[in-house]
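Protein chains: 2
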Amino acid sequence: MVGKLSVPAPRQAKAPAVIRSTAEFARHVGLARTTVSRVLNGQPGLKQKTIDRVQRALAETGFTPNAHALHLKGKRTSMIGICMEDFATPPAVRKLATLQRVLRSRGFSSLIEVFAPGTGREVVRHFQSLRVEAVVFIGHFLPEEIEARIAELAAHGTPHVVIDHYGLKGANTVTLDRAAGMEAVMNHLLDLGHRTFGSLGITKGRPSRIERMAGIQAALRARGLDPERCLLSVDHLHERNVDFDYGRNLAAGFLAQRELPTAFLGHNDEIAVGALHGFQAAGLKVARDVSLTGFNHQDICRMVSPTLTTVDQNIEETVAVAADLLLAQLDQPPRARPVVRTIKPQLVIGGTTGAARPSSRGSGF
Amino acid sequence: MVGKLSVPAPRQAKAPAVIRSTAEFARHVGLARTTVSRVLNGQPGLKQKTIDRVQRALAETGFTPNAHALHLKGKRTSMIGICMEDFATPPAVRKLATLQRVLRSRGFSSLIEVFAPGTGREVVRHFQSLRVEAVVFIGHFLPEEIEARIAELAAHGTPHVVIDHYGLKGANTVTLDRAAGMEAVMNHLLDLGHRTFGSLGITKGRPSRIERMAGIQAALRARGLDPERCLLSVDHLHERNVDFDYGRNLAAGFLAQRELPTAFLGHNDEIAVGALHGFQAAGLKVARDVSLTGFNHQDICRMVSPTLTTVDQNIEETVAVAADLLLAQLDQPPRARPVVRTIKPQLVIGGTTGAARPSSRGSGF
DNA sequence: GCTTGACGCGGACAGGTGTCCGCACTCCTT
DNA sequence: AAGGAGTGCGGACACCTGTCCGCGTCAAGC
Numbered sequence: 051m052v053g054k055l056s057v058p059a060p061r062q063a064k065a066p067a068v069i070r071s072t073a074e075f076a077r078h079v080g081l082a083r084t085t086v087s088r089v090l091n092g093q094p095g096l097k098q099k100t101i102d103r104v105q106r107a108l109a110e111t112g113f114t115p116n117a118h119a120l121h122l123k124g125k126r127t128s129m130i131g132i133c134m135e136d137f138a139t140p141p142a143v144r145k146l147a148t149l150q151r152v153l154r155s156r157g158f159s160s161l162i163e164v165f166a167p168g169t170g171r172e173v174v175r176h177f178q179s180l181r182v183e184a185v186v187f188i189g190h191f192l193p194e195e196i197e198a199r200i201a202e203l204a205a206h207g208t209p210h211v212v213i214d215h216y217g218l219k220g221a222n223t224v225t226l227d228r229a230a231g232m233e234a235v236m237n238h239l240l241d242l243g244h245r246t247f248g249s250l251g252i253t254k255g256r257p258s259r260i261e262r263m264a265g266i267q268a269a270l271r272a273r274g275l276d277p278e279r280c281l282l283s284v285d286h287l288h289e290r291n292v293d294f295d296y297g298r299n300l301a302a303g304f305l306a307q308r309e310l311p312t313a314f315l316g317h318n319d320e321i322a323v324g325a326l327h328g329f330q331a332a333g334l335k336v337a338r339d340v341s342l343t344g345f346n347h348q349d350i351c352r353m354v355s356p357t358l359t360t361v362d363q364n365i366e367e368t369v370a371v372a373a374d375l376l377l378a379q380l381d382q383p384p385r386a387r388p389v390v391r392t393i394k395p396q397l398v399i400g401g402t403t404g405a406a407r408p409s410s411r412g413s414g415f
Numbered sequence: 051m052v053g054k055l056s057v058p059a060p061r062q063a064k065a066p067a068v069i070r071s072t073a074e075f076a077r078h079v080g081l082a083r084t085t086v087s088r089v090l091n092g093q094p095g096l097k098q099k100t101i102d103r104v105q106r107a108l109a110e111t112g113f114t115p116n117a118h119a120l121h122l123k124g125k126r127t128s129m130i131g132i133c134m135e136d137f138a139t140p141p142a143v144r145k146l147a148t149l150q151r152v153l154r155s156r157g158f159s160s161l162i163e164v165f166a167p168g169t170g171r172e173v174v175r176h177f178q179s180l181r182v183e184a185v186v187f188i189g190h191f192l193p194e195e196i197e198a199r200i201a202e203l204a205a206h207g208t209p210h211v212v213i214d215h216y217g218l219k220g221a222n223t224v225t226l227d228r229a230a231g232m233e234a235v236m237n238h239l240l241d242l243g244h245r246t247f248g249s250l251g252i253t254k255g256r257p258s259r260i261e262r263m264a265g266i267q268a269a270l271r272a273r274g275l276d277p278e279r280c281l282l283s284v285d286h287l288h289e290r291n292v293d294f295d296y297g298r299n300l301a302a303g304f305l306a307q308r309e310l311p312t313a314f315l316g317h318n319d320e321i322a323v324g325a326l327h328g329f330q331a332a333g334l335k336v337a338r339d340v341s342l343t344g345f346n347h348q349d350i351c352r353m354v355s356p357t358l359t360t361v362d363q364n365i366e367e368t369v370a371v372a373a374d375l376l377l378a379q380l381d382q383p384p385r386a387r388p389v390v391r392t393i394k395p396q397l398v399i400g401g402t403t404g405a406a407r408p409s410s411r412g413s414g415f
């Protein structure tokens, strides 16, 4: 009775072909459709023997009620739409993985699409047609496009949350406080005696209180230093294509200059690792000759030598906050104003940062 | 008329709240439900003016027919269930990303779940209840569990394909020919004069013609060499936890031995990079003193110095073949016998492999 | 002004589900 | 043996859609 799970289904069975509805299933069991339905939904007033009969047939045939019909009857779809910028950014993938796990544990399934420029309308329409209960955006997008989509979602009463893209109008947002991250990095370096800093891809973006540059400037000013003179850059000289190569080129660019900062701030870990190789190739000993930091705390930070000082994104917390924010909206009337939460990152000290050399090549300081 | 996309919806509009059905939408437009339906489905016999009226309202309200009701009417769900082993393995994530893109381009959406041991039944049941059109498995799973799930899918006439897990009974499979990959690696190293090889995590798994060890042995035998004497291992001495650390530990393990092979075969890129650091920390110059290879051709291969010689998985082809195999099953009766396809990988030569030193520490050869 | 064709309306059905309700059968109890 | 509780049956409805069909309406052509 139990071990009868033969693999491809016996050839000449009385096989009810494939059971596709409760009606067929009931016929197969020899009961009325309503009776089966009552068993499936745990209603009282049924003999234990009958219940067992249905359960057994259920296990044997693997029949499952049609989720679409259930939804039509008013049951929630328990589907969450997730829009990814791409699958190529490791931290974004980690957020997706974490989010999927969290949603799963709360009984939701994840419908994942890539939200490429121009396809946004289509993607969101598709989610709407499937009546997803909410939509999550992970990454950075074209502001006008995502704002339009969020407006559409709001018009339909579909909750949403944006992870990482800060400053969108009308958007519930959870994002890392990158300023705090850079401030921690700067304080670490300043404590080590560094006074001149090279930017590796960190540029002034749309100014905001949580943007990287804001944290750098705040840390410098807090010690009475002038950001204009302390922070150097050769970013404009190089094209950003592959981050690793970009980092190496930036390092070479700095080395070609007259004045060399004592510390370098990588926009992310790949760029920092690229610069690490650039410096090492030039014969410098990183940490002793120059200090170097990354951002994101990816696996690669531990896979280089010395290990990279970097900033951890606190992805678990980010996703937990985002999920809470999202699910809290499900059974409530839409909020009047969007909610914005920032997450504090954490400095991870590795082997690429050390005390500033008393006298570098002369920094004009 | 067109620019009226105000963001949070005007406060005191005559707002038809949220339009959830064609009936409501039709009422909003001022037409009969059937008329609207005809417009939506492009049926003839309608005045252009009427069509325009509906289209305009459609654009304004963003109404979308309920996909679940459509499916109930017989329309295909166009959903594919994807079971991932995890999100932590970069090559697996790249396969997922590629597959998602390919499926999207063919009009299918991806429902992604993690197929953790013990949860398989639940996951597949969930897919079945949503009436997905097919299921893809990416990664390695418990053989009995996945075989049972595939049998269930087959019983319901749901097509499937397994990517990467070779040797499952009754499973349509697309997998990399790892033996061919290792054979290419070995021929490359043999051509460079190497005769003794250290295994970095490559063990004899379930023997099959496409398993790594088979390729190593084939290459050695083709040159009249004895695998038993040429291939050395200290794998058993160390615990495999974090691959990078494992690789470094293995390198240290070999260095502690009396005889040092001239070439080392990494089970994957992380292990190889770990070993690279291990060797470099011991003062060896990789490529000159020892050669080293990885597997998978991840980004990290170019981010170490020297760049890692490795094997590319040909992920694009793998996924294309898998998708074709999957979609070909959609409109056809189930095959009697499962289809198994193997993909040829490609050697990528980097800077970690070089000519064998004429006289190593003595290899007993 | 009348005929005719074009066009929109509204009722009906199917698809799978859960639930309600009246009915009939079975089996136990007295 | 008869009453009654327990239990299963089957019809009906709603959910939302696409489609068919008969009917009403309106405008154009003569």
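Protein chains in written order, with the working numbering: chain A, 51 to 415; chain B, 51 to 415. Every residue, glycine too, gets a C-beta built ideally from N, C-alpha and C.
Identity of the residue in A/L377, A/T357 and A/G328 nearest B/P356 by Cα: One-based indexing of the second sequence puts residue 356 of chain B at position 306. That would be A/G328, whose Cα lies nearest to the Cα of B/P356.
Proximity below 8 Å, CB of A/I213 to CB of B/S160: Taking the first sequence and counting its residues from 1, the one referred to as residue 213 of chain A is at position 163. Taking the second sequence and counting its residues from 1, the one referred to as residue 160 of chain B is at position 110. No, these two residues do not count as a Cβ contact at 8 Å.
First and last residue of the uninterrupted alpha helix (DSSP H) at A/E74: Within the first sequence, numbered from 1, the residue matching residue 74 of chain A stands at position 24. Start and end: T72 to V79.
Identity of the residues DSSP links to A/I213 by a beta bridge: Looking up residue 213 of chain A in the first sequence gives position 163. Its beta-bridge partners are A/I188 and A/V224.
Chain A residues whose Cβ lies nearer than 8 Å to that of B/G112: Here the question's residue 112 of chain B lines up with position 62 in the second sequence. Residues of chain A passing the Cβ test: R175, Q178, E202, A205 and H206.
With 16 other Cβ atoms within 10 Å as the buried cut-off, status of A/Q98: If you number the first sequence from 1, residue 98 of chain A lands on position 48. Result: exposed.
Which listed residue (B/E278, B/A119, B/P395 and B/D136) has its alpha carbon closest to that of B/R70: On the second sequence, position 20 is the one that residue 70 of chain B refers to. The candidate whose alpha carbon is nearest that of B/R70 is B/A119.
Environment of B/T253 [buried if 16+ CB atoms lie within 10 Å]: As a first step, residue 253 of chain B must be located in the second sequence, where it is residue number 203. By the neighbour-count criterion, in which 16 or more other beta carbons inside 10 Å mark a residue as buried, B/T253 falls on the exposed side.
Check whether A/Q350 and B/I350 have beta carbons under 8 Å apart: Within the first sequence, residue 350 of chain A is the residue found at index 300, counting from 1. Within the second sequence, residue 350 of chain B is the residue found at index 300, counting from 1. According to the sequence as given, residue 350 of chain A is Ile; it is not Gln. A contact, by the Cβ cut-off of 8 Å.
Near-chain B residues of the segment 208 to 232 of chain A - C-beta to any C-beta below 8 Å: Using a CB distance below 8 Å, the part of the segment 208 to 232 of chain A facing chain B consists of K219 and G220, ordered along the chain.
DSSP three-state assignment for A/A59, whether helix, strand or coil: One-based indexing of the first sequence puts residue 59 of chain A at position 9. Note on A/A59: pLDDT 40, under 50, position unreliable in the model; no value is reported.
Span separating the alpha-carbon of A/R420 from that of A/A372: Outside the shown range of chain A (51 to 415) lies residue 420 of chain A, about which nothing can therefore be said.
Below-8 Å beta-carbon distance, A/H78 vs any chain B residue: Residue 78 of chain A sits at position 28 when you count from the first residue of the first sequence. Chain B, which has no Cβ nearer than 8 Å to the Cβ of A/H78, makes this no.
Listed by chain order, chain A residues near B/F187 by CB distance under 7 Å: Here residue 187 of chain B refers to the residue found at position 137 of the second sequence. At a C-beta separation below 7 Å, B/F187 has no neighbours in chain A, since its nearest C-beta there lies roughly 16 Å away.
Cβ-based burial, B/N291 [other Cβ within 10 Å; buried from 16]: Mapped onto the second sequence, residue 291 of chain B falls at position 241. Sixteen is the threshold: since fewer than 16 other Cβ atoms of the shown chains lie within 10 Å of the Cβ of B/N291, the residue is exposed.
B/L282 vs B/P311 beta-carbon contact at 8 Å: Along the second sequence, read from residue 1 onward, the residue named residue 282 of chain B stands at position 232. Along the second sequence, read from residue 1 onward, the residue named residue 311 of chain B stands at position 261. Against a cut-off of 8 Å, the Cβ pair of B/P311 and B/L282 comes out as a contact.
Beta-bridge pairing of A/E163 - partner residues as DSSP gives them: Against the first sequence, residue 163 of chain A aligns to sequence position 113. Here A/E163 is bridged, per DSSP, to A/C133.
Close Cβ partners of A/V369 (< 7 Å) along its chain, the five nearest in sequence each way excluded: On the first sequence, residue 369 of chain A is found 319 positions in, with the first residue counted as 1. Counting only Cβ-Cβ distances below 7 Å, and skipping sequence neighbours, we find K145, T148, L149 and V152.
Proximal residues of chain A, C-beta to C-beta of B/S355 below 8 Å: Here residue 355 of chain B refers to the residue found at position 305 of the second sequence. Per Cβ cutoff of 8 Å: H327, Q330 and A331.
Beta carbon proximity, B/N291 to chain A, threshold 8 Å: Locating residue 291 of chain B in the second sequence gives position 241, counting from the first residue. For B/N291, the answer is no, since every Cβ of chain A falls outside 8 Å of its Cβ.
is_contact[A/N121, chain B] using C-beta, thresh 8 Å: The sequence position of residue 121 of chain A within the first sequence is 71, counting from 1. This sequence places His at residue 121 of chain A; Asn is not what is there. Contact with chain B is found for A/H121, since one of that chain's Cβ atoms lies less than 8 Å from the residue's Cβ.
Rounded Cβ spacing between A/T72 and A/V86 (contact assumed at less than 8 Å): Within the first sequence, residue 72 of chain A is the residue found at index 22, counting from 1. Within the first sequence, residue 86 of chain A is the residue found at index 36, counting from 1. Confirmed, about 6 Å.
Short CB-CB distance (under 8 Å) between B/L146 and chain A: Within the second sequence, numbered from 1, the residue matching residue 146 of chain B stands at position 96. At a cut-off of 8 Å between C-beta atoms, B/L146 counts as an interface residue with respect to chain A.
Cutoff 8 Å: A/Q382 Cβ touching any chain B Cβ: Residue numbering aside, residue 382 of chain A sits at position 332 when the first sequence is read from its first letter. Not closer than 8 Å to any Cβ of chain B, the Cβ of A/Q382 fails to qualify, so no.
Straight-line gap, B/D318 to A/A82 (C-alpha atoms, nearest Å): Locating residue 318 of chain B in the second sequence gives position 268, counting from the first residue. Locating residue 82 of chain A in the first sequence gives position 32, counting from the first residue. The identity of residue 318 of chain B in the sequence shown is Asn, whereas the question assumes Asp. Whole-angstrom Cα-Cα distance: 57 Å.
Amino acids of chain A, ordered along the chain, whose beta-carbon sits closer than 8 Å to that of B/R154: Position 104 of the second sequence holds residue 154 of chain B. Among the residues of chain A, those whose CB is under 8 Å from the CB of B/R154 are E163 and V164, following chain order.
Integer Cβ distance of A/D241 from A/K394, believed to fall under 8 Å: Stepping through the first sequence from its first residue, residue 241 of chain A is reached at position 191. Stepping through the first sequence from its first residue, residue 394 of chain A is reached at position 344. Their Cβ separation, rounded to whole angstroms, is 19 Å, which puts A/D241 and A/K394 out of contact at 8 Å.
Contact check, A/D285 vs A/S258, beta carbons under 8 Å: Start at 1 with the first residue of the first sequence, and residue 285 of chain A comes out as number 235. Start at 1 with the first residue of the first sequence, and residue 258 of chain A comes out as number 208. The criterion of a C-beta distance shorter than 8 Å is not satisfied by A/D285 and A/S258.
Segment contact flag, the segment 380 to 390 of chain A with the segment 228 to 239 of chain A, C-beta cutoff 8 Å, min 3 pairs: Touching, no, given that fewer than three Cβ pairs across the two stretches are closer than 8 Å.
Residues near B/M51 by beta carbon distance below 6 Å, same chain, minus five either side: Within the second sequence, residue 51 of chain B is the residue found at index 1, counting from 1. Its pLDDT being 34, under 50, B/M51 is placed unreliably by the model, and the measurement read from it follows with that caveat. Excluding positions up to five away in sequence, the list is empty.
Distance, B/T246 Cα to B/R279 Cα: Residue mapping note: residue 279 of chain B aligns to position 229 of the second sequence, counting from 1. Residue mapping note: residue 246 of chain B aligns to position 196 of the second sequence, counting from 1. If I take the Cα positions, the gap works out to 8 Å.
Below-8 Å beta-carbon distance, B/A117 vs any chain A residue: The residue you call residue 117 of chain B lines up with position 67 of the second sequence. At least one CB of chain A lies nearer than 8 Å to the CB of B/A117.
8 Å Cβ cutoff, A/S159 in contact with chain B: Walking along the first sequence from the start, residue 159 of chain A turns up at place 109. Yes, A/S159 counts as interfacial toward chain B.
Where A/V142 falls, given that 16 or more other Cβ within 10 Å makes a residue buried: The residue labelled residue 142 of chain A in the question sits at position 92 within the first sequence. What sits at residue 142 of chain A in the sequence shown is Ala, not Val. Here A/A142 is buried, its C-beta having at least 16 other C-beta atoms within 10 Å.
is_contact[A/F247, chain B] using C-beta, thresh 8 Å: Within the first sequence, residue 247 of chain A is the residue found at index 197, counting from 1. For A/F247, no Cβ of chain B is located within less than 8 Å of the residue's own Cβ.
Where A/A306 falls: helix, strand or coil (DSSP): For the purposes of this step, residue 306 of chain A is taken as the residue at position 256 of the first sequence. Correct three-state label for A/A306: coil.
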